[in-house]
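Q:
Number of protein chains: 2
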Amino acid sequence: MKRSLNEINYMDDTQELARFAKALGHPTRIAILKRLESESCCFTGDLVDEFPLAQSTISQHLKELKNAGLIQGELNPPKIKYCIHQQNWQRAKLLFNNFFSNTNVPTKC
Amino acid sequence: MKRSLNEINYMDDTQELARFAKALGHPTRIAILKRLESESCCFTGDLVDEFPLAQSTISQHLKELKNAGLIQGELNPPKIKYCIHQQNWQRAKLLFNNFFSNTNVPTKC
DNA sequence: AATATTAATCGTAAATTTGCGATAAACATT
DNA sequence: AATGTTTATCGCAAATTTACGATTAATATT
Numbered sequence: 264m265k266r267s268l269n270e271i272n273y274m275d276d277t278q279e280l281a282r283f284a285k286a287l288g289h290p291t292r293i294a295i296l297k298r299l300e301s302e303s304c305c306f307t308g309d310l311v312d313e314f315p316l317a318q319s320t321i322s323q324h325l326k327e328l329k330n331a332g333l334i335q336g337e338l339n340p341p342k343i344k345y346c347i348h349q350q351n352w353q354r355a356k357l358l359f360n361n362f363f364s365n366t367n368v369p370t371k372c
Numbered sequence: 264m265k266r267s268l269n270e271i272n273y274m275d276d277t278q279e280l281a282r283f284a285k286a287l288g289h290p291t292r293i294a295i296l297k298r299l300e301s302e303s304c305c306f307t308g309d310l311v312d313e314f315p316l317a318q319s320t321i322s323q324h325l326k327e328l329k330n331a332g333l334i335q336g337e338l339n340p341p342k343i344k345y346c347i348h349q350q351n352w353q354r355a356k357l358l359f360n361n362f363f364s365n366t367n368v369p370t371k372c
């Protein structure tokens with residue numbers, strides 16, 4: 264892709280929020296997180312059984328959620344237990360809350 | 264892409280939230296929305312002046328935000344005034360709030 | 001040691017996203 | 001009617017995403 268010539272430097276919060284949002288930008292990943300929220304944790308296999316997707320596809324979605332910091336995997340050989348990453352989850356919650364707390368009443372529009 | 268054979272039917276909320284999240288999944292679009300939040304509205308040209316991106320690129324980001332329902336454009340010839348779409352904005356806020364209101368204490372993890 | 005179970009990674013293909021410049025469209029102004 | 005201003009759209013190229021099957025890696029069990 265023809266990348267922008269001038270490097271764009273967004274505020275850290277902007278970058279961080281966009282990163283979280285991007286990870287949330289797929290229904291399968293939202294569904295995985297909802298499941299982890301309600302059940303606290305689960306194994307990759309559980310998700311593979313529940314979603315009509317290949318094991319490798321689920322694994323890839325988990326990887327993205329992990330890269331975004333929203334979940335963490337704990338070794339439980341030969342299984343791996345995934346949970347919400349509580350600290351980053353709270354951070355994401357805060358960023359979205361701030362973003363949506365639109366105090367401006369749109370008087371001018 | 265090899266699409267999943269079985270059609271996946273996610274809960275409506277899941278689909279809707281993922282759609283909003285996807286639109287928020289780019290720092291430029293977050294920055295545009297932050298600007299609209301603080302200023303209530305602005306013209307395409309204002310944004311083109313502020314971001315080191317081509318006019319067509321800004322226009323495309325605005326289109327995506329509009330398609331996601333997060334903003335709306337009002338004709339103000341020959342300019343176009345963009346504002347937050349208040350109703351859908353509140354809807355998105357609600358969806359994200361619900362999603363992040365993780366009442367479960369992670370006792371089992 | 002051989003086998004089974006579980007999950008990550010690799011390689012591939014198709015779709016989508018992101019960016020740009022060029023052009024078109026819509027409307028005001030001259 | 002011709003020109004100027006503003007924004008959308010088109011066409012293209014590169015990067016990324018999404019999905020799959022096949023393979024590999026790690027660990028338990030036999």
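For the record, the sequence lines run as chains A and B.
Numbering (the numbering used here) for the first sequence: 264 to 372.
Numbering (the numbering used here) for the second sequence: 264 to 372.
Positions of the beta carbon are idealized from the N, C-alpha and C atoms, including for glycine.
Nothing here was measured: the structure is a model prediction, and the numbers come from that model.
1. Going straight from the alpha carbon of residue 309 of chain B to that of residue 291 of chain B, what length do you get?
2. Would you tell me roughly how many angstroms separate the C-alpha atoms of residue 314 of chain A and residue 337 of chain B, rounded to the nearest one?
3. In chain B, which residues lie with their C-beta within 7 Å of the C-beta of residue 290 of chain A?
4. If you drop the 5 nearest sequence neighbours on each side, which residues of the same chain put their C-beta closer than 7 Å to that of residue 278 of chain B?
5. Write down the C-beta distance between residue 328 of chain A and residue 321 of chain A rounded to the nearest angstrom, noting that I regard them as a contact closer than 8 Å.
6. Measure from the C-beta of residue 333 of chain B to each C-beta in chain A and report whether the shortest distance is under 8 Å.
7. Whole angstroms is fine: what's the gap from residue 324 of chain B's alpha carbon to residue 284 of chain A's?
8. Does the beta carbon of residue 363 of chain B sit closer than 8 Å to a beta carbon anywhere in chain A?
9. For residue 296 of chain A, count neighbouring Cβ atoms within 10 angstroms of its own Cβ and tell me buried if that reaches 16, exposed if not.
10. Where does residue 333 of chain A sit, in a helix, a strand or coil, going by DSSP?
11. State the DSSP-derived secondary structure class of residue 272 of chain B, mapped to helix, strand or coil.
12. Please state the DSSP three-state secondary structure of residue 316 of chain A.
13. What are the uninterrupted segments assigned as alpha helix (DSSP H) that are 4 or more residues long and contained completely in the stretch 277-307 of chain B, given in chain order?
A: Checking against the coordinates, here is how it stands:
1. Distance between the alpha carbons of residue 309 of chain B and residue 291 of chain B: 14 Å.
2. Between the C-alpha atoms of residue 314 of chain A and residue 337 of chain B there is a straight-line separation of about 42 Å.
3. For a Cβ distance threshold of 7 Å, residue set 273, 277, 278, 281 of chain B lies close to residue 290 of chain A, ordered along the chain.
4. Nothing meets the Cβ criterion.
5. Rounded to whole angstroms, the Cβ separation of residue 328 of chain A and residue 321 of chain A is 11 Å, and the two are not in contact under 8 Å.
6. When Cβ-Cβ separations below 8 Å define contact, residue 333 of chain B makes no contact with chain A.
7. Rounded to whole angstroms, residue 324 of chain B to residue 284 of chain A spans 15 Å at the Cα level.
8. Residue contact check for residue 363 of chain B against chain A: a CB pair falls below 8 Å.
9. Label assigned to residue 296 of chain A: buried.
10. Note: residue 333 of chain A maps to coil in three-state DSSP.
11. If DSSP states are grouped into helix, strand and coil, residue 272 of chain B belongs with coil.
12. Residue 316 of chain A falls in the coil class under three-state DSSP.
13. Segments of the alpha helix (DSSP H) lying fully in the stretch 277-307 of chain B: 290-302.
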